[in-house]
Amino acid sequence: MALLHSLLRTLDRVSPAKVAYAHCDIPCGIYDPHHAQMAAHTVIRMVDLIGQLEKPAANATPEQRQEYTNKLARYIATKEQHSEIYKTELRVLWADYFKPEHVQQFPQLHDLVWKALKSASKGRQEINLAASEEMLRQANEVATIFWKTKGVPTYAAKSPYPTGRETVYPKIG
Amino acid sequence: MFPIARFRVEQRSMSPVLNPGDYVLVNRWAYRSREPAVGDLVVFRDPERPGVFMCKRVARATGSGSYVVLGDNEALSRDSRWFGPIPRSLIVGKVWRHARGRRAPIGSLP
C-alpha cells in the first residue's frame, strides 16, 4: 500500500485531493489555562530535582550508578512530557478558544503564545531553570488574558506546590 | 461522473483504521445497486457545514433512507451522536481502497 500512497501523494501535488474529516473538534467550550500553568510548575520542579540529585562519586558501585540513572531518567522523562503538555494546552487555547475579537483586544496574544512555545522547547531540551520559569510567567500572562475574556477577575498568589512560584488564579465565586 | 474519487484523511476519529495523511479512494457507484451496509466506511457531506466532507462508519440504517454514522474512535468523534442520522443523499460513496501514510511518532522532538 506504500506504493499507492506515494502515487496518491504525487497526484495530490498536481491536483489536491478533497479532505474527508474524521472529525474530533467537538466545540465543547471547556477550556482552562490551568493545565499549562501546572505543566510549567512540573517542569520547574523537575529542574529543581535534577539539580538536587547527587551525582555518583568516582568510586560509586554499579547499583548506585543505576539508581542515579534511574532517577535522572524519570525526572527527564517527566520534564519532557510536561513540556509537551504545556505546548499542547497552549496550542488548544490559542487555536480553539481565542477568537479574532480577543486578538483585537489583546494584540500581544500571538507573540505571547509563540514565545511561550519557544520557551517550552528550550525548557524541554535543556536543564534550564530560567526557561522553565519563563514558561510559567508566560502561562500566567495567557491565563490573565484568558480570564479577562471571560470577565473573570484574577489574582496572583504563591502556588501551594513545592515550586512556590507566583501563579495567576481566577477569582471565582 | 467518474466512479472513483480521491480524499485525504484528516483528524483521528477513525483511528486506528484511518489516520491523518492517509488517502482513501471512494467508489461513488457503490450504492447504485445496493444499500449502504452496516460496517461500511463511507465518505459523506457534513450535514452542518456545506462543502465539508467526512469519513465515518455506517452503524445502522434508520429505515427511512437515513443512516447512523459513527467514528470508530468514539471519544474523539463528531458523528451521528452529534448531528443525528444522515440522509442517503449526503453519502458520496463507499471507501474502496485505502493507502496508509507514514505514521508520525507521538510526541516528536521538540
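The listed protein sequences derive, respectively, from chains A and B. For the first sequence, the working numbering assigns the number 42 to the initial residue and increments by one for each residue that follows. For the second sequence, the working numbering assigns the number 10 to the initial residue and increments by one for each residue that follows. We treat Cβ as the ideally placed atom computed from N, Cα and C, and that holds for glycine.
| Query | Result |
| --- | --- |
| With a cut-off of 8 Å, does the C-beta of SER73/B fall near any C-beta of chain A? | no |
| Please identify, using Cβ separations under 7 Å, the residues of the region 26-44 of chain B that lie next to chain A, in order along the chain. | LEU27, TYR32, VAL33 |
| Let's see if you can read the secondary structure: which residues bound the alpha helix (DSSP H) around SER75/B? | Note, SER75/B: premise wrong, no alpha helix (DSSP H); beta strand (DSSP E) at 75-79. |
| Mind checking who PRO211/A pairs with in its DSSP beta bridge? | THR195/A |
| Whose Cβ in chain A lies nearer than 9 Å to the Cβ of ARG97/B? | Near ARG97/B there are no residues of chain A at all, since even the closest Cβ is about 17 Å away, more than 9 Å. |
| If you draw a straight line from the C-alpha of VAL101/B to the C-alpha of VAL55/A, how long is it? | 23 Å |
| How about ALA114/A: is its Cβ closer than 7 Å to a heavy atom in the ligand ADP? | By its list of ligands, the structure shown contains no ligand whatsoever, and the ligand ADP lies outside what it can speak to. |
| Below 6 Å CB to CB, which residues in the same chain sit around LYS128/A once its five sequence neighbours on both sides are set aside? | LEU158, ALA161 |
| Are the Cβ atoms of ALA14/B and LEU49/A separated by less than 8 Å? | no |
| Quick one: which chain A residues come within Cβ less than 8 Å of TRP57/B? | Going by the sequence as given, residue 57/B is Glu instead of Trp. Within 8 Å Cβ-Cβ: nothing; GLU57/B doesn't reach chain A, min ~10 Å. |
| Within the same chain, show all residues whose beta-carbon is closer than 7 Å to that of LEU34/B, passing over the 5 residues directly before and after it, in chain order. | ILE13, ARG15, TRP105, ARG106 |
| Can you give the Cα-Cα distance for SER89/B and ILE168/A, rounded to whole angstroms? | 47 Å |
| Against chain E, with Cβ distances strictly below 8 Å, would ASP53/A count as a contact? | Of the protein chains in the structure, A and B, none is chain E. |
| Tell me whether LEU52/A sits in a helix, a strand or coil according to DSSP, three-state version. | helix |
| Rounded to the nearest angstrom, what separates ALA197/A and PHE139/A at their Cα positions? | 22 Å |
| Can a CB atom of chain B be found closer than 8 Å to the CB of LEU94/A? | no |
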